[in-house]
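Quick note: the sequence shown, position 109, residue 275 per this note's numbering, numbers continuous.
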Amino acid sequence: MDEPGSKLRQISVNEFIATYLEASFKRNGWCDNHFLPQKRFLHPEGNYKLFYLNSEGMKKVKAYLDELLEIPENFTQIPQVMQSDKQSSIDLKADLTSESINRLKIIYKEDYGIIKSLTHNEP
């Protein structure tokens with residue numbers, strides 16, 4: 167099987183998932199590990215504090231870091247200035263077929279489990 171990019175032809179996201187991702191996602195180093203399930207980056211014996219990075223989760227990150235770094239309550243807030251008015255031109259749904267969605271759910275099952283556990287108590 168050829169590595170993605172070894173032939174200069176465009177393929178659909180569904181073909182990529184079926185042909186390349188499913189066969190190679192577990193190989194360390196493949197595509198610089200961009201497709202490796204995130205769970206694989208966590209050492210099984212590690213003690214982690216994970217956050218779901220939506221707006222509520224970001225508040226939790228800030229509170230955690232304020233406590234960890236002993237930031238005083240009267241500390242002046244730094245304004246957020248890195249907002250973009252641009253709309254993304256990327257179609258995030260990318261016409262995924264139900265077969266591709268099911269393959270992704272299987273490949274990233276443990277990652278989805280982590281997300282579910284983080285969002286379980288979210289409103």
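Beta carbons: idealized from backbone N, C-alpha and C, even for Gly.
Bear in mind the structure is a predicted one, so any value in this text is a computation, not a measurement.
Please report the straight-line C-alpha distance between T242 and N220, rounded to a whole angstrom.
Looking at the two C-alpha atoms, the distance is approximately 23 Å.
Helix, strand or coil for T263? Go by DSSP, reduced to three states.
Note: T263 maps to coil in three-state DSSP.
So the candidates are K192, Q176, Y218; which of them puts its Cα closest to the Cα of K282?
Nearest of K192, Q176, Y218 to K282, Cα basis: Y218.
State the Cα-Cα distance for the pair G279 and S266, rounded to the nearest angstrom.
Looking at the backbone, the Cα of G279 and that of S266 are separated by about 19 Å.
Should I272 be labelled buried (16 or more other beta-carbon atoms within 10 Å of its own) or exposed?
The residue in question, I272, is exposed, as its Cβ has fewer than 16 Cβ neighbours within 10 Å.
To the nearest angstrom, how far is the alpha carbon of P289 from that of M224?
Since pLDDT at P289 reaches only 46, below the 50 mark, its modelled position is unreliable, and the value read off the structure follows with that caveat. Roughly 14 Å separates the two Cα atoms.
Suppose the cutoff is 8 Å on Cβ atoms and the five residues either side in sequence are ignored; what does the same chain contact list for L284 look like?
The residues are L216, F217, Y218, G223.
Per DSSP, what kind of secondary structure is G279 in: helix, strand or coil?
Helix at G279.
On the three-state DSSP scale, how would you describe Y274?
Here Y274 carries a coil assignment [DSSP, helix/strand/coil].
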